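Asker: In our numbering, the protein residues as written are 1432 to 1653.
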């Protein structure tokens, strides 16, 4: 009796039919069915947008713009290794790697993660490939507060990411391949640094001196 359709039908009953138990049961049953139809029509109108769609509706949007929920080779598997090797574990922590065994695995994104990737794909598809587009795409993929871009000649660029990334952050960024670049422009070098406390020089934002700031590290995004 709480549904809008049920209440609407009740309000349209003429006096001689009000309070009739059998008719009331019929009205409630019809009202529930009509409410389900109303909700379905509402979902068709409102849940076909990236921000509002859920589950299979999001998958449908992904199909339209050619961006799957499953990202292949997005996570690096940890094995036994030595200091300095990416995602390595010590004795009695990591298992040994078998030759030919995959070292990257796929991941299925949750709805909130998938929405972010869908928007990035749309942004890439409509982008004009400007330097600002490149910076914005990296900021969104990495959730980085600050990104620099330097042209180093011969249609090559270098980017600096103001966030310390782990190996899976980097592997995921490579896997989704949504960093925007103009046609023919290559990403020659990438570095990451602690935006709040990196080694730099006078006049550079947030830069610190010797023994205070940390040095940047090279990473591979391509």
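Here a beta-carbon is modelled for each residue, glycine too, at the ideal position from N, C-alpha and C.
Note that the coordinates shown come from a computational prediction; the quantities given were computed from them, not determined experimentally.
Run through DSSP, which three-state label would residue 1580 get?
Answerer: As a position in the chain shown, residue 1580 is number 149, starting the count at 1. Looking at residue 1580 - three-state DSSP - the assignment turns out to be strand.
Asker: Mapping DSSP to helix, strand and coil, what is residue 1537?
Answerer: Counting from one through the chain shown, the residue named residue 1537 turns up at place 106. Strand, per DSSP.
Asker: Measuring CB to CB, does residue 1667 end up less than 8 Å from residue 1458?
Answerer: The structure shown does not extend to residue 1667, since the chain spans only 1432 to 1653, so no value can be given for it.
Asker: Is residue 1648 helix, strand or coil when you go by DSSP?
Answerer: If you number the chain shown from 1, residue 1648 lands on position 217. DSSP places residue 1648 in strand when its eight states are reduced to three.
Asker: Starting from the N-terminal side, write out each stretch of the alpha helix (DSSP H) that is 4 residues or longer and does not extend beyond the stretch 1566–1637.
Answerer: As far as the stretch 1566–1637 is concerned, its whole alpha helix (DSSP H) runs of at least 4 residues are 1598–1607.
Asker: Measure how close the beta-carbons of residue 1580 and residue 1561 come, nearest whole angstrom, since I'm counting them as under 8 Å.
Answerer: Taking the chain shown and counting its residues from 1, the one referred to as residue 1580 is at position 149. Taking the chain shown and counting its residues from 1, the one referred to as residue 1561 is at position 130. That pair is no contact at about 10 Å.
Asker: Is there contact between the stretch 1535–1545 and the stretch 1583–1596, where contact requires at least three CB pairs shorter than 8 Å?
Answerer: Segments in contact, no.
Asker: Helix, strand or coil: which one does DSSP assign to residue 1455?
Answerer: Start at 1 with the first residue of the chain shown, and residue 1455 comes out as number 24. It is helical.
Asker: Taking buried to mean at least 16 other C-beta atoms within 10 Å of its own C-beta, is residue 1586 buried or exposed?
Answerer: Counting from one through the chain shown, the residue named residue 1586 turns up at place 155. Classification for residue 1586: exposed.
Asker: To the nearest angstrom, how far is the alpha carbon of residue 1451 from that of residue 1472?
Answerer: Here residue 1451 is taken as the residue at index 20 of the chain shown, counted from 1. Here residue 1472 is taken as the residue at index 41 of the chain shown, counted from 1. Taking the straight line from one Cα to the other gives about 31 Å.
Asker: From residue 1599 to residue 1569, what does the alpha carbon distance come to, in whole angstroms?
Answerer: On the chain shown, position 168 is the one that residue 1599 refers to. On the chain shown, position 138 is the one that residue 1569 refers to. Spanning the two alpha carbons is a distance of roughly 15 Å.
Asker: Which partner residues does residue 1501 have in the DSSP bridge list?
Answerer: Indexing the chain shown from 1 puts residue 1501 at position 70. DSSP, once it has assigned bridges, lists 1539 as partnering residue 1501.
Asker: Looking at residue 1505 and residue 1575, is the spacing between their C-beta atoms short of 8 Å?
Answerer: Taking the chain shown and counting its residues from 1, the one referred to as residue 1575 is at position 144. Taking the chain shown and counting its residues from 1, the one referred to as residue 1505 is at position 74. No, these two residues do not count as a Cβ contact at 8 Å.
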